[in-house]
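**Student:** Got a structure here, written out as structure tokens. Questions coming.
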Amino acid sequence: MRVAVLNGVNLDMIDRRDPELYGGISLNQLETRIYQWALELELIADCRQTNMEGLFVAWCHDALDWAGGVVVNPGAWTHYSYAIRDALEILDVPVVEVHLSNIEEREEWRRRSVLSDVVSERVIGKGPEGYRDALVYLSERQR
Ligand code: DQA
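See below:
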């Protein structure tokens, strides 16, 4: 099964952000781990990152044509982008929302996700390993 792994705004800078929150690894290192975990689970991952909201929405639309599951970490868009929420709602495959940090124990404005009720599963505050949990969820859902 092919899985779209879509990282959003500022996820390209995780190695320059607070390592306590974001794990201290680069996006490149994170994606390398995701590709490895996917292989172990017999999934084919396609990892992408953008700081452009419209492109992120276009990738959600694009996933309709080929993905059997989708993993998203939209960064700060999580908290206010109804455009991304609407795009995810169109998908007819399982979608997992991932956050490296525990957004439920941070600032008040981060506790709200406008996506939470259109996704199938949420993995929050588990660091990079959270992406592995998301892939495991998708691989189990396909059986
Ligand atoms: C994040 C949490 C968001 O609140 C933040 O804006 C991010 C990353 C996370 O993975 O913990 O950029 O999505």
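Residue 229 in my numbering sits at position 141 of the sequence shown, and the numbers go up by one each step. C-beta atoms are modelled at their ideal positions from N, C-alpha and C, and glycine is treated no differently. Predicted model only: the values in this text are computed from it and were never measured.
1) If you draw a straight line from the C-alpha of R229 to the C-alpha of R210, how long is it?
2) On a Cα-Cα basis, can you pick out the residue from G163, A151, R198 that is closest to T138?
3) Output needed for I178: all residues of its chain with C-beta closer than 8 Å, excluding positions within five of it in sequence on either side, in chain order.
4) Tell me, to the nearest whole angstrom, how far the beta carbon of L129 is from that of L223; I am working on the premise that it is less than 8 Å.
5) Looking only at C-alpha atoms, which of T166, Y168, P182 sits nearest to G69?
6) Can you give me the Cβ contacts of R136 inside the same chain, cut-off strictly under 8 Å, excluding the 5 residues immediately before and after it?
7) Taking 7 Å as the cut-off, is the CB of L188 close to at least one heavy atom of ligand 1?
**Tutor:** Result, derived from the coordinates:
1) Your numbering for residue 229 matches position 141 in the sequence shown. Your numbering for residue 210 matches position 122 in the sequence shown. Taking the straight line from one Cα to the other gives about 14 Å.
2) On the sequence shown, residue 138 is found 50 positions in, with the first residue counted as 1. Taking only the C-alpha atoms, the option nearest T138 is G163.
3) What you label residue 178 is simply residue 90 of the sequence shown in a count that begins at 1. Result list for I178: C148, H149, L152, in chain order.
4) Along the sequence shown, read from residue 1 onward, the residue named residue 129 stands at position 41. Along the sequence shown, read from residue 1 onward, the residue named residue 223 stands at position 135. Sure, about 5 Å apart at Cβ, within 8 Å.
5) No answer is possible for residue 69: the residues shown for the chain start at 89 and end at 231.
6) Your numbering for residue 136 matches position 48 in the sequence shown. The answer, listed in chain order, is A92, V93, L94, N95, W147.
7) To locate residue 188, count along the sequence shown from 1; it is residue 100. For ligand 1, at least one heavy atom lies less than 7 Å from the Cβ of L188.
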